[in-house]
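Have a look at the structure below, then the notes.
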Amino acid sequence: MTGVLDDPRWLLALPLVPLVVVLGLRGQGARAAVWLRAVAVALVVLALAGPRVGLPGSGVDVAFLVDASDSVGPEGHQAALDWVEAAVAARGDDDRAALALFGRDARLEHPLRSDPPPPAPSVVVDGSASDLAAAARLGQGLLGGERRRRAVLLTDGRPTAGDLDAVAAQLAEAGVTLDVVPLPGAGAADLLVEEVSAPNRVREGEAYTLDALLANTGGAAAQAVVVTTADGEEVDRRSVTLPPGRTTVTLDAEAGEPGTVRYEVTLQAADSGQVENDVGRAAVQVAGPPNVLVLEGIAEAGRELGGALEAGGVGVERRAVGDGGLPPLDQLLDHDGIVLVDVPASALGEAGMTTLATYVREAGRGLVAVGGERSFGPGGYQGTPLEDVLPVFAQVTDPTRRPTVAEALVVDTSGSMAACHCADEGAFGGPVPESSGVVKTDIAKEAIVRAVDALQSQDVVGVLAFNERHDWVVPLQALPDHAVVDEALARIHPDGGTSIAPAVRAAIEGLRDTDARLRHIVLFTDGFDPNETGLVEVADEARDEGMTLSVIATGEGPMGTLEEMAEAGGGRFYPGRDLLSIPDIIALEVEFAARPLINEGRFFPIVAGAGPATDGLDASPPLAGYVATSAKPTARTLLTIGDERDPLLATWRAGLGAATAWTSDATARWSAEWVTWERYAAFWAAVVKDTFPARGDAAFALQATTTAEGVRVALTALQAPPEGAEATATVTSPDGETEQVRLDRVALDRFEAVVAASGEGVYAVTARLTRSERDAGPGERSAPGATPGDGSAPFIDTVTTIRSYPQEYAVADADPQTLARAASATGGRVEPDPATAFDAEGLAAGAASTQLWPLLAALALLLAVADVGLRRLRLERADLARAVALVTRRPVRV
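In terms of the numbering used here, the sequence shown has 141 at position 141, counting the first letter as 1, and numbering is strictly consecutive.
In structure tokens form, the structure reads like this:
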């Protein structure tokens, strides 16, 4: 039995007990009452401390964890349920059972019950993987800690995800025993494409072979048709006889134009039991001259730049980001570098920016970000994976360059703001009923908090709420505390009509007396104002006062009028069709107002560092504008611009690759005189080529293939590298996760490793060979002209491989060692009889927590009553004699 106190600080009050005794004994009362009072006080103090004791619980709790992955199959699944039913039938009266199913995920069928229903699960799990670790974790959570506990794992023993050993250690520490019951597995005969292998990289005109490894797990030969496509076009079809075991089908091919050829081998057979594994894929990269992918934020924004690069000897593929978004990583690897031309962060998305970072850091490729009105700070790069990989911060970090700001947030709180975003379409393209979605006023409140957070202590901010009237719910003041803002927002409720112009005019009046260098108004409204006249005029008034006005709409109301209003006010207009993005938009708008980032005028670049693009650059035409940024501490700034010497051209090495930022644009708006400059093509070719990785070294061959065990990486050298050479590989999974492993030297000229890879999709593998640990760190890239084979620089290369289907559907044997190891770690059993599932022998006793304060409080109350009685009732000897006589009914002589 163990005991704990919920709040032991109350024990500090125990010195009151002797004080009660001392004060009581000084009086005339009975001594017994004093001691009763002291004990009562002590009991009250102990009750307030919240004592609890753990008492062993009766009975056994068992969580049955049933493998419902596809590899188990219907027969194995039914065998598991029959086992559970037999075990539950043998339970005792005090025993309880829980049931959960698992595959890629784990889901609860029912919690612990003393009367569990027959096992007929209704929950559905993703059967494309077997995560035994997730199931065991769920079992621990189901069992609590009050009784003896056992988890029973019923599985075919083919884990494809999770770390069961680690979870078993957690179960052992928690006192939970894990039993394992092996299941027979699917067992049905199947025909499948086990592996498709081809060289990862070839040269134009080179002959190579594509090998498809087919498997027949049955006991008899089967007929099948094998169809092979290249980039979606059929290139081969043949009928084959597949005997039991494995058969290799070979296709001869010849490398064509540079790029990646994606092969797909499909098995068509009536005897195939699992359709998911009837397809295999492989990719072959045909090496060609250096080339880049130019991604445009606006169509044709990279036309002049693309032409200059082609003139400089760089192959160019150009596309707008909106045309299908960012290509997947394996397609990006067709290019030596990527050039972003005025691309906002929102066009790439979080996943796209993460892919770009992987492309540079892990795959060792180049990235050039070209400015414009939708790039860097104005493009929302701040705090994103894209900013992390670039050599500049998207904001001006020098606090002395930041002007003081007075910000008036004018927020519509009319009755129409109580509705969700549902005028024409919701955030996902369909009509949204009034009873669903997010209330626009709630979005406004969150946006206000975000906007205030974007300001600094020297700034002034106020919140003016309006319907047909207006009120400063947060009067203009120095940056207020969160509590002040929260209290004000709690008073905002949507109600009444809409009158925009008087509210904006009140904001102008409020800002007029502030001495901030920048005075800015942000209007957030749905625009449903019955009197639209005067909106543009009031925006003109703000502009005349030296203020700017930006408008954030909700995608409804008179959008055209609101846009004209923002234009007249010298600010920005946001249509706000995605309501959930409005807090981000308002916070970003406040940042823009506080830090003017776009600088327009006539600026001559200044050479600040040496590099391929600046060597011999004595003079250049002026630029008409740029986006202000701040160079990162380890970046190399090659060109500066403006009075503040802001970075114009900056570069650095990021991981295994390189990234460069050009903060002006590449169009006629800011670079009109550069486009016609005679060195324009040579300049840009030098900028982009400087980010390219070193070309592959013919002295080494990197090969990555997908097998049932995972991704096998092999690095082979024509000549044995020196003793002490070390090879590592970074494997990037389809979801962007990376894992770095050391390659084992299996021969003098060969390094190998296998990396676990259970998910379907493309894996990028970057291998790096160095002479020893004394070589430069992972950020080093081969210098131009260096030869990796001679030891002067590390070898770096990237290839891709494809897992055609989840590992769940691959041919693989059960792993009884893993199951036995997990059971042994917890003191559990392997393949126990179902009748023993609820046996208590060998199980750690649980502890049911019992609160003692009710008992202590009751005792204190009784003692308090006794104390009062002793103090109020004074019994004499005669009183005692009368009481005895009353009981014995004898006369009393007084």
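Beta carbons: idealized from backbone N, C-alpha and C, even for Gly. Keep in mind that this is a model prediction, so the values were computed, not measured.
I need the straight-line Cα distance from residue i to residue j, nearest angstrom please.
i, j, result
"Val868", "Leu859", "14 angstroms"
"Ala753", "Leu743", "5 angstroms"
"Thr818", "Ser69", "18 angstroms"
"Ala86", "Leu715", "53 angstroms"
"Cys422", "Glu737", "Because Cys422 sits at a pLDDT of 44, beneath the cut-off of 50, its placement in the model cannot be relied upon, and the following sentence gives the value as read from the coordinates. Spanning the two alpha carbons is a distance of roughly 37 angstroms."
"Tyr763", "Ile802", "6 angstroms"
"Pro403", "Leu305", "35 angstroms"
"Glu434", "Leu112", "Because the pLDDT of Glu434 is 38, which lies under 50, any placement of that residue in the model is unreliable, and the question is left without a value."
"Arg150", "Pro184", "22 angstroms"
"Leu16", "Ala63", "49 angstroms"
"Val181", "Lys689", "60 angstroms"
"Ala369", "Arg262", "29 angstroms"
"Ala613", "Trp684", "7 angstroms"
"Glu600", "Ser671", "11 angstroms"
"Leu14", "Gly50", "14 angstroms"
"Arg9", "Leu19", "19 angstroms"
"Ser436", "Glu276", "The predicted model places Ser436 with a pLDDT of 35, which falls under 50 and marks its position as unreliable, so this point remains unresolved."
"Leu535", "Val410", "14 angstroms"
"Gly145", "Gly842", "16 angstroms"
"Gly759", "Ala568", "54 angstroms"
Helix, strand or coil for residue i per DSSP?
i, result
"Ala47", "helix"
"Phe683", "helix"
"Gly569", "coil"
"Ser416", "helix"
"Gly510", "helix"
"His421", "Confidence at His421 is low in this model, with a pLDDT of 46, below 50, so its placement is unreliable and the value that follows should be read with caution. Here His421 sits in coil by DSSP."
"Val41", "helix"
"Asp211", "strand"
"Trp853", "helix"
"Leu904", "With the chain covering only 1 through 894, there is no way to say anything about residue 904."
"Gly601", "strand"
"Tyr574", "strand"
From which residue to which residue does the beta strand (DSSP E) around residue i run?
i, result
"Phe466", "460 to 466"
"Thr667", "Counting along the chain, Thr667 falls outside any beta strand (DSSP E), and DSSP gives it neither H nor E."
"Ser197", "191 to 197"
"Leu523", "518 to 525"
"Asp797", "795 to 803"
"Ala287", "279 to 287"
"Ala79", "Run containing Ala79: none in the beta strand (DSSP E); it sits in the alpha helix (DSSP H), 73 to 89."
On the DSSP bridge list, what partners appear for residue i?
i, result
"Arg750", "Thr716, Ala747"
"Phe700", "Ala717"
"Phe102", "Asp67, Ala106"
"Ala151", "Ala63, Leu178"
"Thr614", "For Thr614, which the question treats as bridged, DSSP gives no partner whatsoever."
"His493", "Its beta-bridge partners do not exist; DSSP assigns none."
"Trp662", "Val370, Leu649"
Between which two residues does the alpha helix (DSSP H) holding residue i run?
i, result
"Pro159", "Looking at the DSSP string, Pro159 is not in any alpha helix (DSSP H), and its letter there is neither H nor E."
"Gly139", "132 to 143"
"Pro385", "385 to 389"
"Val360", "345 to 361"
"Leu636", "Note that residue 636 is Arg in the sequence shown here, rather than Leu. Looking at the DSSP string, Arg636 is not in any alpha helix (DSSP H); the run it does join, the beta strand (DSSP E), is 636 to 641."
"Asp536", "For the record, residue 536 in the displayed sequence is Val; it is not Asp. Its alpha helix (DSSP H) spans residues 535 to 544."
"Arg821", "816 to 825"
Are the CB atoms of residue j and residue i within a distance shorter than 7 angstroms?
i, j, result
"Asp156", "Gln274", "no"
"Thr498", "Ser414", "yes"
"Ala553", "Gly527", "yes"
"Asp211", "Gly162", "no"
"Arg246", "Ala215", "yes"
"Val675", "Ala729", "no"
"Asn353", "Pro378", "Reading off the sequence, residue 353 comes out as Met, not Asn. No."
"Pro834", "Trp83", "yes"
"Ser71", "Arg158", "yes"
"Leu295", "Val321", "yes"
"Ser58", "Asp94", "yes"
"Ala255", "Glu206", "yes"
"Leu617", "Val607", "yes"
I'd like to know if residue i contacts chain B, where contact means its C-beta is closer than 7 angstroms to some C-beta of that chain.
i, result
"Leu748", "The displayed structure is made up of one protein chain only, and chain B is not part of it."
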